[in-house]
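>
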Amino acid sequence: MAENFSFFQKVNKDFDKAAQFTEHPPGLLEHIKNCNNSCRFTFPIKRDDGTIQTIHGWRAEHSHHKLPTKGGIRYSMLVNEDEIMALAALMTYKCALVDVPFGGAKGGIQLDRSEYSESELERITRRYTYELIQKNYIGPGIDVPAPDFGTGEAEMAWILDTYLTMHPDKLNAIACVTGKPIEQNGIQGRKEATGRGVVFGLQEACSYADDMKQVGLSPGLQGKTVIVQGFGNVGYHTAKFLTESEASVIGIAEIDGAIYNPKGLDVEKVAMCRAETGSICHYPDAVVIENPLDSLALACDILVPAALENQLTVANAPRINARIIAEAANGPTTTNADAILQKRGILIIPDTYLNAGGVTVSYFEWLRNLWHVRFGRLGRRFEENTHNVMLRAVEKATGYQFSDDERELMHGADEEDLVNSGLQDTMANAYQEIRETQRCHGNPAVDCRTAAFINAINKIAVCYLQLGIFP
Ligand code: NAD
């Protein structure tokens, strides 16, 4: 079975499949599907050794039905225009699905970050930001980048600083980028948000006994065995929070090899081992699998691709030995692999839904930046005082003395509590809406990915039709 669709074509095939279940005007559907703008940036940088190198970068804004547009910036050798447009399109559908009021965008630079020094990466990031400013592809109400594969808080801080330097009098300039360090107007919980969202999504999906019965599993995450591919921001946090939910992470695949222990891996110790030695493969309490792709076929309940696109293909889909595929990465399953896995009765929880935690908390960060006040600052002490009055009244009426642990549960909500609560609510609601769409159209006629696309298309179409923005 040939797999000759580009990434953007794959996203559009998923869109077309879902569009059949809607009744929107064909012209509108065609417009939603297309990428509105995309821009290529080519600029020189001086390497540390004095040589000059040309850097290639892109930014695509897929949909302007809501502004600003929003999406991460990726540093990888695989970056090209098609990939960036595909990822921007996924951002549009993701934001719609979880009711985050942004259009979709994505940016990227074609480079392998391990080949550059920190100061080279800083110069590249600042120059890329300068290009974005020049072409009007960045701004708190225009287009707001965030971290993605190969980037993190440091790059976001350089983007912010460059933007502030160019716009010293703009009151809301700090909202030009999200995923910033906490000390630089970031928000508690953003770094962990995508992984935490994946786990909230899995908790919700695994809570339905009927759905779990269909894939031969019991409800709940407790005791479920998990293999995670990619141990970066998303993979590490997913593995960490799955462990906290009493699932057992038995395998982790990285670019240079995979580790496996059927009794479970200690995720924190694996992270420490990589930080100290440079590779997860030096972790002592596991079997090392030289070809990391082989680990994807090991038996487990949940397989979490959290690295890059096109990892589950026709070549390995028939051998996948998991009951649930949790798409933490964007586009990890090719179109043909998807068909094989669905036919085999494997539940695929799609990227458009499952990794939306990042953009959800980015939305909270953007709001916090526009308000210029930390969440919880106004109400926390008031809540705490009210709770204490209630506790004292109950103690007086019943003679019962609350312990320190019980009192701690009644603390006023701080920023992280509010962020995590908003994230959990968002992930639970969006999954319930997906399930409802599946029920209306007759599951399994409409799989989870198609239902997610149907919901996204409907929300975007309503926005266009209500706005009446057609000239
Ligand atoms: P990251 O750069 O922090 O980590 C990626 C990890 O994957 C690295 O450790 C890398 O070595 C590893 N990797 C690369 N190729 C691999 C391979 N073939 N096999 C095994 N491991 C491999 O990136 P991230 O932010 O964790 O992003 C991972 C995925 O999640 C991407 O698809 C990204 O688009 C998606 N995503 C990220 C966010 C976010 O907030 N960072 C949000 C939504 C979706």
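Take the position in the sequence shown, starting the count at 1, then add 243; the result is the number in this note's numbering. Cβ atoms here follow ideal geometry from the backbone N, Cα and C, with glycine treated the same way.
Excluding the five sequence neighbours on either side, which residues of its own chain have a C-beta within less than 6 Å of the C-beta of Ala-482, listed in chain order?
Around Ala-482: Val-471, Val-492, Val-510.
> Using three-state DSSP, classify Lys-260 as helix, strand or coil.
Reduced to three states, the DSSP call for Lys-260 is helix.
> Find the nearest neighbour of Thr-408 within the set Phe-392, Val-441, Thr-372, judged by alpha-carbon distance.
With distances taken between Cα atoms, Thr-408 lies closest to Thr-372.
> Drop a sphere of 10 angstroms on the beta-carbon of Lys-639, count the other beta-carbons inside from all chains shown, and report buried for 16 or more, exposed for fewer.
Exposed.
> Let me know if Trp-301 comes out buried or exposed under the rule of 16 or more other beta-carbons within 10 Å of its beta-carbon.
It counts as buried.
> Alpha carbon to alpha carbon, what distance is there between Leu-375 and Thr-405?
The alpha-carbon atoms of Thr-405 and Leu-375 are separated by roughly 11 Å.
> Heavy atom of ligand 1 less than 7 Å from the Cβ of Pro-411, yes or no?
Incorrect: Pro-411 has no Cβ contact closer than 7 Å to ligand 1.
> Which ranges would you report for the alpha helix (DSSP H) in the region 390-427 if only whole runs of at least 4 residues count?
Whole alpha helix (DSSP H) segments, 4+ residues: 396-409.
> Taking Cβ positions, are Lys-434 and Ala-400 nearer each other than 8 Å?
Contact: no.
> Can you tell which of Lys-378, Phe-392, Gly-393 has its C-alpha closest to the C-alpha of Asp-386?
Comparing Cα-Cα distances from Asp-386 to each of Lys-378, Phe-392, Gly-393, the minimum goes to Lys-378.
> Once the 5 residues before and after Gln-554 are set aside, which same chain residues still bring their CB inside 6 Å of it?
Once the five neighbours on either side are set aside, the close Cβ partners of Gln-554 are Pro-548, Pro-575.
> When you compare the region 577-588 with the region 535-545, are there three or more beta-carbon pairs, one atom per stretch, that lie closer than 8 Å?
The region 577-588 is not in contact with the region 535-545.
> Less than 7 Å separating the Cβ of Leu-551 from some heavy atom of ligand 1?
Under cutoff, so the answer is yes.
> When you compare only the Cα positions, how much space is there between Gly-622 and Met-633?
Using only the alpha carbons, I get a separation of about 17 Å.
> Decide if Gly-685 is buried, meaning its Cβ has at least 16 other Cβ atoms within 10 Å, or exposed.
Exposed: under 16 other Cβ atoms inside 10 Å.
> Check the DSSP bridge columns for His-299 and list the partner residues they point to.
Thr-285, per the DSSP bridge assignment.
> Just grab the DSSP bridge partners of Arg-503 for me.
Here residue 503 turns out to be Tyr, not Arg, going by the sequence shown. Gly-494, Val-530, per the DSSP bridge assignment.
> What are the boundary residues of the beta strand (DSSP E) that includes Arg-587?
Element bounds for Arg-587: n/a, residue is neither H nor E.
> Is the region 434-451 close to the region 587-601, with three or more CB pairs under 8 Å?
With a cut-off of 8 Å, the region 587-601 and the region 434-451 count as touching, because enough Cβ pairs lie within range.
> Can you tell me whether Glu-326 sits near ligand 1, meaning its C-beta is under 7 Å from at least one heavy atom of the ligand?
Glu-326: no, Cβ never under 7 Å from ligand 1.
> Given this structure, state the Cα-to-Cα distance separating Glu-304 from Thr-312, to the nearest angstrom.
Distance between the alpha carbons of Glu-304 and Thr-312 is about 7 Å.
> Which residues share a DSSP beta bridge with Gln-472?
DSSP, once it has assigned bridges, lists Ala-496, Pro-548 as partnering Gln-472.
> Could you give the C-beta distance for Asn-415 and Pro-388, rounded to a whole number, given that I count them as a contact under 8 Å?
Contact flag wrong, Cβ pair sits at about 15 Å.
> What residue from His-654, Asn-631, Ile-677 has the CA that sits closest to Pro-644's CA?
It should be noted that the sequence gives Gln, not Pro, for residue 644. Selected option, being the one with the closest Cα: Asn-631.
> Looking at the structure shown, is Gln-554 part of a helix, part of a strand, or coil, going by DSSP?
Coil, per DSSP.
> Mind the definition here: the region 351-360 touches the region 262-276 only if three or more C-beta pairs lie below 8 Å; say whether that holds.
Flag = no, the region 351-360 and the region 262-276 do not touch.
> Could you check the C-alpha separation between Asn-612 and Thr-556 for me, to the nearest Å?
Taking the straight line from one Cα to the other gives about 41 Å.
> Using DSSP bridges, identify the partner residues of Gly-655.
Paired residue(s): none; Gly-655 is not in a bridge.
> Looking only at C-alpha atoms, which of Asn-698, Ala-550, His-267 sits nearest to Glu-185?
Because the chain in this structure spans residues 244 to 714, residue 185 falls outside the shown range and cannot be described.
> Identify, in the order they occur along the chain, each residue of the same chain with its Cβ nearer than 6 Å to the Cβ of His-480, setting aside the five sequence neighbours on each side.
Glu-435, Gly-438, listed in sequence order.
> Measuring from the CB of Thr-408, is there a heavy atom of ligand 1 at a distance below 7 Å?
Answer for Thr-408: no, Cβ out of range of ligand 1.
> I'd like the ranges of any beta strand (DSSP E) spanning at least 3 consecutive residues and lying wholly in the region 600-637.
Within the region 600-637, no complete beta strand (DSSP E) run reaches 3 residues.
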